[in-house]
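Report on the following structure.
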Amino acid sequence: MYKDSIDRIKVEVINCKLCNLCVNRRNAVPGEGNSNASIMFIGEAPGRNEDERGKPFVGSAGKILDETLEKVGIVRSRIFVTNIVKCRPPGNRVPTELERHVCKNYLEREISIISPKIICILGRTAFESLLGGGSILGSRGKFIEKDNRLYFLTIHPAAIIYNNKLRSALEKDMLTLFMECKRLDIPI
Ligand code: URA
Ligand code: SF4
Numbered sequence: 003m004y005k006d007s008i009d010r011i012k013v014e015v016i017n018c019k020l021c022n023l024c025v026n027r028r029n030a031v032p033g034e035g036n037s038n039a040s041i042m043f044i045g046e047a048p049g050r051n052e053d054e055r056g057k058p059f060v061g062s063a064g065k066i067l068d069e070t071l072e073k074v075g076i077v078r079s080r081i082f083v084t085n086i087v088k089c090r091p092p093g094n095r096v097p098t099e100l101e102r103h104v105c106k107n108y109l110e111r112e113i114s115i116i117s118p119k120i121i122c123i124l125g126r127t128a129f130e131s132l133l134g135g136g137s138i139l140g141s142r143g144k145f146i147e148k149d150n151r152l153y154f155l156t157i158h159p160a161a162i163i164y165n166n167k168l169r170s171a172l173e174k175d176m177l178t179l180f181m182e183c184k185r186l187d188i189p190i
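Heads up, the sequence shown is in my numbering, so the first residue is 3 and it goes up one at a time.
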């Protein structure tokens, strides 16, 4: 038996050809960040910038995520960031159920290795894939416990690019997350 690790998953993801998304990608984008993180953020799928650089949340959505985290006092270098699928869907379309299903093994292993105290779900696709949820706007700002894991729900940072009014909602949620970490004595 081998010991699974984030580095091992990274190598597998980079070489993965398990679904069609491998055809058009420039780079697969494995999860990245602090392997001792208490909080793990899960988005949808890599976008253009992520595909070019092989890193999650480094484009405009990543910038909004970083700014919001910084504003409430959460340091990006202390968290772990990943996506439901690790390769960019053409034209940034939403990944299909099949693609999500095939890629899920990597995400589950990332979660099990990092073993975060809180999993922060960014947007509808992650909400649907992990908790079977629907509209994120109706559930954002809430914590949900499932199978011994604690989830926190918020909107996807990219939503703010299209509707700047959502910025304050994201900030409010991140503050809720920060305060809950303080209350539970979770180091962030
Ligand atoms: N949007 C996502 O869902 N993930 C990224 O990594 C970048 C943009
Ligand atoms: Fe493999 Fe996931 Fe990329 Fe599909 S999206 S090729 S399953 S790493």
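Glycine included, C-beta positions come from ideal geometry on N, C-alpha and C. This one's a predicted model, so the numbers in the text were calculated from it and none came from an experiment.
Residues that residue i bridges to, as DSSP identifies them
i: LYS148; result: ARG151
i: ILE123; result: ILE44, LEU155
i: PHE82; result: GLY35, MET42
8 Å Cβ cutoff met for residue i and residue j
i: LEU139; j: ILE44; result: no
i: SER62; j: ILE116; result: no
i: LYS88; j: VAL25; result: no
i: CYS2; j: THR156; result: As shown, the chain starts at 3 and ends at 190. That puts residue 2 outside it, with no answer to give.
i: ARG95; j: ASP53; result: no
i: PHE154; j: GLY75; result: no
i: ILE11; j: TYR108; result: yes
i: LYS73; j: GLU173; result: yes
i: SER40; j: ILE188; result: yes
i: ALA128; j: GLU46; result: yes
i: ASN29; j: ARG55; result: yes
Outcome for residue i when other beta-carbon atoms lying within 10 angstroms are tallied against a minimum of 16
i: VAL15; result: buried
i: PHE145; result: exposed
i: ARG90; result: buried
i: ASP6; result: exposed
i: GLU110; result: exposed
i: LEU132; result: buried
i: VAL83; result: buried
i: MET176; result: buried
i: PRO118; result: buried
i: HIS158; result: buried
i: ARG102; result: buried
i: LEU67; result: buried
i: GLY134; result: exposed
i: GLY136; result: exposed
Closest residue to residue i among the options (Cα-Cα distance)
i: LYS148; options: LYS19, ILE120, LYS57; result: ILE120
i: PRO97; options: THR70, VAL74, PRO48; result: PRO48
i: THR70; options: LYS19, TYR164, ALA160; result: ALA160
i: GLY93; options: ILE190, LEU23, GLY64; result: LEU23
i: PHE59; options: ILE8, GLU101, MET42, ASP175; result: MET42
i: LEU20; options: SER40, ARG78, CYS105, LEU179; result: CYS105
i: ARG126; options: THR178, SER114, ARG142, ASP187; result: ARG142
i: ILE86; options: ASP187, GLU130, ILE162, ILE163; result: GLU130
i: ARG151; options: GLY135, GLY33, SER170, ILE113; result: ILE113
i: LYS65; options: SER170, LEU186, ARG185, ILE163; result: ILE163
Heavy atom of the ligand FAD within 7 Å of residue i beta-carbon
i: GLY49; result: In the structure shown, the ligand FAD is absent; the only ligands present are the ligand URA and the ligand SF4.
Q) Just the residues with CB closer than 7 Å to a heavy atom of the ligand SF4, in chain order, which are they? A) VAL15, CYS18, LYS19, LEU20, CYS21, LEU23, CYS24, ARG27, ALA30, VAL87, LYS88, CYS89, GLU101, VAL104, CYS105, TYR108
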